[in-house]
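A quick write-up on the structure given underneath.
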Amino acid sequence: MSHAINPAFPSTVNDVDKYGDAWEDKWANNTTPWDQAHSHPALIKLLDSGEGGVPAKGRAFVPGCGLGYDVDTFARRGLDSTGLDIAATGVAAANKWLAEQPPRANAATVELGDFFTYDPGHKFDVIYDYTFLCALPPAMRTKWAESMARLAKADPSARLITQQYPLNGDPVGPPFPLSVEIYDDLLGKDWEVVWERDIPQEERRVNSPPGDERLVVWARKA
Ligand SMILES: C[S@@+](CC[C@H](N)C(=O)[O-])C[C@H]1O[C@@H](n2cnc3c(N)ncnc32)[C@H](O)[C@@H]1O
1 MSHAINPAFP STVNDVDKYG DAWEDKWANN TTPWDQAHSH PALIKLLDSG EGGVPAKGRA
61 FVPGCGLGYD VDTFARRGLD STGLDIAATG VAAANKWLAE QPPRANAATV ELGDFFTYDP
121 GHKFDVIYDY TFLCALPPAM RTKWAESMAR LAKADPSARL ITQQYPLNGD PVGPPFPLSV
181 EIYDDLLGKD WEVVWERDIP QEERRVNSPP GDERLVVWAR KA
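UniProt numbering applies: residue 1 is where the sequence shown begins, and numbers increase by one.
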């Protein structure tokens, strides 16, 4: 079995101390091959369907947002939307891209910060994770789940949307392979699944490495 590290992800994220620098290096060197230039079609389909009880107003949050396509997507659906990224170069590029898009009624901004210590001073109605959990060294996963609960409204109307990927990946990351069980173990204490769907091959993002994808909507437990 191959243990090659996917070039889309910085190998140095395995070293937690150099972790933020590794992402900044990627952005500064303009090597962001994960960037697909748009939101995942499965997210658009979910939001357009109105399924899963995803709030259509309030505040949306996209940690590890990259260039901010998902921030724009939520803002165009009625939510004031905040992205967060640890790479300053990425944040500047994202805010430039967001400013270049057609006007929208709701706020769409990307902030510089570390998800694990981020405190915006308010809670979010919707949080979306895509290619963020899989980018983290597995040792950080418990803190990822704690931060999701900390940043979401403690209300059953709050939703966490996880684009679960890669579910059948190479055992050595990044991207670090995940499984439905891993998500359940991480999130089951604070969240319950209210909607889920396997993503068929034709809906996956172009250039995705092999691996199943599943889109899951979680409601915050009361
Ligand atoms: C694989 S990229 C995915 C970007 C985006 N979600 C996309 O699909 O285009 C992961 C992103 O997470 C950011 N990131 C990594 N660790 C972070 C952290 N602790 N807090 C905030 N952003 C982080 C990286 O700088 C990078 O832009």
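Ideal Cβ placement from N, Cα and C applies to all residues, glycine included.
Its Cα nearest to that of residue 58, the residue 153 stands out among 146, 197, 153. In the three-state DSSP reduction, residue 58 falls in the strand class (E or B).
Leaving aside the five residues that flank residue 112 on each side, the residues in its chain whose CB is nearer than 6 Å to its CB run, in chain order, 88, 91.
At a Cβ-Cβ threshold of 9 Å, residue 104 and residue 129 do not count as neighbours. Within the same chain, and ignoring the five residues on either side of residue 47 in sequence, the residues whose Cβ sits closer than 6 Å to its Cβ are 77.
Rounded to whole angstroms, the Cβ separation of residue 114 and residue 20 is 7 Å, and the two are in contact under 8 Å. If you ignore the 5 residues before and after residue 60, its C-beta comes within less than 8 Å of the C-beta of 71, 74, 75, 79, 80, 81, 82, 124, 125, 126, 127, 128, all in its own chain and listed in chain order.
Rounded to the nearest angstrom, the Cβ distance from residue 220 to residue 158 is 4 Å, consistent with a contact under 8 Å. Residue 75: member of the alpha helix (DSSP H) spanning 69-75, first to last residue. In summary, residue 33 is exposed, with fewer than 16 beta-carbon neighbours lying within 10 Å of its beta-carbon over all protein chains present. Minimum Cα-Cα distance from residue 45 among the listed residues 212, 204, 218 corresponds to 204. Per the coordinates, the alpha-carbon of residue 196 lies some 25 Å from the alpha-carbon of residue 174. Its chain contains 156 as the residues whose beta carbon lies nearer than 7 Å to that of residue 222, once the 5 sequence neighbours on both sides are disregarded; these appear in chain order. If you compare the alpha carbons of 148, 218, 202 with that of residue 180, the shortest gap goes to 218.
Using a Cβ distance threshold of 9 Å, residue 131 and residue 64 count as a contacting pair.
For residue 161, the enclosing beta strand (DSSP E) begins and ends at 159-164.
For residue 175, the CB falls within less than 8 Å of some heavy atom of ligand 1.
Annotation: the continuous alpha helix (DSSP H) that includes residue 144 extends over 141-151. If you look at residue 87, you'll find it isn't in any alpha helix (DSSP H); DSSP assigns it neither H nor E.
In this structure, the beta-carbon distance from residue 43 to residue 163 falls below 9 Å. Uninterrupted alpha helix (DSSP H) stretches at least 4 residues long and entirely within the segment 169-193 occur at 180-187, given in chain order.
Here the alpha carbons of residue 30 and residue 149 stand approximately 32 Å from one another. Taking the Cβ of residue 213 as the reference point, every heavy atom of ligand 1 lies at 8 Å or farther away.
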